[in-house]
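Line by line, the protein sequences are chains A and B. Quick note: our numbering has the first sequence finishing at residue 282, numbered continuously throughout. Quick note: our numbering has the second sequence finishing at residue 1282, numbered continuously throughout. Note that beta-carbon positions come from the ideal geometry of N, C-alpha and C, so glycine has one too. One structure below.
There are 2 protein chains.
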Amino acid sequence: MVVTIVGLGLMGGSLALALRRHDDGPYLIGVVRNQARAEEAQSLDVVDEVTTDWRDAVARAHIVVLATPVRTLIRQIRQIGPHLQSDALVIDLGSTKTEICQALAQLPDHVQPIGGHPMCGKEVAGLVHAEATLYEGATFVLCPLERTAPWARELALDLVNRVGARPLILPPDLHDHLVATISHLPYLVAAALVGTTHQVGKQDPRVWQVAASGFRDTTRVASSDVKMMLDILLTNRAAVLDMLARYLEELNTLRSLLEEDNEGELRLYLASIKALRDAHFG
Amino acid sequence: MVVTIVGLGLMGGSLALALRRHDDGPYLIGVVRNQARAEEAQSLDVVDEVTTDWRDAVARAHIVVLATPVRTLIRQIRQIGPHLQSDALVIDLGSTKTEICQALAQLPDHVQPIGGHPMCGKEVAGLVHAEATLYEGATFVLCPLERTAPWARELALDLVNRVGARPLILPPDLHDHLVATISHLPYLVAAALVGTTHQVGKQDPRVWQVAASGFRDTTRVASSDVKMMLDILLTNRAAVLDMLARYLEELNTLRSLLEEDNEGELRLYLASIKALRDAHFG
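Right, dumping it as structure tokens:
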């Protein structure tokens, strides 16, 4: 079994490392952009073979994993079609799914496409941060297309299980709605916090000196890779804007309670929020 | 030297543990609310003596450290005055400073008050989470009053240094403005994120299943102790509302860029935010 991973960054690299833990693991080919990346991948011993020749690498694959930023990924799906072998499984790791699954649906009939999104990551990018355990225990969303054969779904599930993740089947638009809530919205919320602090810091830079672990954690995702996040926001614009509107409403409710000095309601609100978060992450 | 700590929660307990690391440390009296708390403090061996008799404990102290929630603290400042010995240093660990320093200013002339706020903490409360290293490397804001004698300021600085923190002298209103930015605003922002997710979760509870470490970190402070946060918000209402207004403006700017599909400006904004955060927390 040959698995070709296109893009050896944090996600693709960690997937390779996770698959290599098994003695009966597949033969892994990594596709990288240039010679410098190839040498990095070789020195870190991430895959069995590393190449810049994506045509050859996808032509030899039983499974192609696309692990690049969302809009790059959509371009690549269009390019690889003619080179894929019959019954090749094509799965992506992109963070939005509607546009990607539309592109996957255009692949030639003789291949098996399925959308994927592992719910793990870090605010740092690049192969150097890859870890064999990154996928361990993470929810891994799968978006089968109507045309995806049962055996291909099973093969995708097997891949998910092998890296230690927990599969969750969702339609692409529902996926995009849910991740707008818990990933894309938090990113914008954190970015705006850093932006507000920057404005205050222009008047008094000591604001950064008093910022402690609470601020650090609340804004962590604002350090995410910009290209990756821009692709995500622009391919999930409608859902993100919808969620931003709901969020602004929620924050304005809180603001009103504080404005009115409504201690009773404020206490009830904050206590229910704490109970909710503790229940899900306690 | 006798140091009486009123309130042995996370902050008071950690302060006691930090002071006890030194062989030449002061004699520590802890004031707690009831017998159950006294037994807990005794079994965790946090102080030399634990009592529920605050009158006696503050009467014997050279330094009184008030480590209770902000509004409790303001009540206690009013109560302890008549019981304090001459030249006793009174320092608090409250998270807002304007109202507290106003209360401290009303203490009898023969005592030395100074406001304090160590910029450390956790989202969990209680003595059981106290740590001797909690203050290590943290910024510890001091707000001396006009009447605070130079020797008393030195004594407060010595206390700050002993627990491993880094002192920063600020006027109370500036402190409250800065911490509204990097602590109270992030708390409300995180609470509203959990609130929005709850609304989405009522339609589809799988939203909690796809939430990963990014969401967990961005919302961590929403699990903070409600009584503590309510006291903070209500004693710093004007600064928090001002900062909320600035934040909503910032978030609306971001929203407009996304609405307009303004990729160029959005990239510039997000890249500058990432650079800022990496520079301060990288």
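Check, Outcome
"Rounded separation between V210(A) and I5(A) - CA only", "44 angstroms"
"Minimum C-alpha distance to A1016(B) - residue among D1087(B), V1128(B), V1179(B) and Q1203(B)", "V1128(B)"
"The segment 1140–1152 of chain B in contact with the segment 1052–1068 of chain B per 3-pair CB rule at 8 angstroms", "no"
"Where D173(A) falls: helix, strand or coil (DSSP)", "helix"
"Interface partners of I1273(B) on chain A, CB under 7 angstroms", "A191, V194, G195 and A222"
"Contained alpha helix (DSSP H) runs [length at least 4] in the segment 170–230 of chain A, N- to C-terminal order", "172–179, 185–203, 206–210 and 213–218"
"Cross-chain neighbours of E1250(B) in chain A, by beta carbon under 7 angstroms", "A192, G195 and T196"
"Nearest candidate by alpha-carbon position, reference R1162(B), set G1007(B), L1008(B) and P1026(B)", "P1026(B)"
"Below-8 angstroms beta-carbon distance, A1138(B) vs any chain A residue", "yes"
"Bridge-paired residues (DSSP) for D92(A)", "L66(A)"
"Bounding residues of the alpha helix (DSSP H) (the contiguous stretch that carries C1101(B))", "T1098 to A1105"
"Local Cβ density within 10 Å of H1022(B), reported as buried at 16 or more and exposed below that", "exposed"
"Residue(s) in a DSSP beta bridge with R166(A)", "T139(A)"
"Proximal residues of chain B, C-beta to C-beta of I283(A) below 7 angstroms", "Because chain A is modelled from 1 through 282, residue 283(A) falls outside the range shown and cannot be assessed."
"Among E49(A), S14(A), Q42(A) and L19(A), nearest to I29(A) - alpha-carbon criterion", "E49(A)"
"Contact check, S1223(B) vs E1123(B), beta carbons under 8 angstroms", "yes"
"Residue range of the unbroken alpha helix (DSSP H) whose run includes E1040(B)", "Q1035 to S1043"
"Same chain only: Cβ atoms within 7 angstroms of N1236(B), ignoring 5 sequence neighbours per side", "T1096, D1176, A1180 and H1184"
"C-beta neighbour in chain B for C101(A), strict 8 angstroms", "no"
"Residues near Y1247(B) in its chain [Cβ-Cβ closer than 8 angstroms; skip 5 each side]", "L1185 and V1189"
"Own chain, CB closer than 8 angstroms to T218(A), minus 5 neighbours either side, in chain order", "A190 and L193"
"Identity of the residue in V47(A), L270(A), L66(A) and T197(A) nearest I1232(B) by Cα", "L270(A)"
"Contact list for D1204(B) against chain A, beta-carbon separation under 9 angstroms", "L174, H177 and L178"
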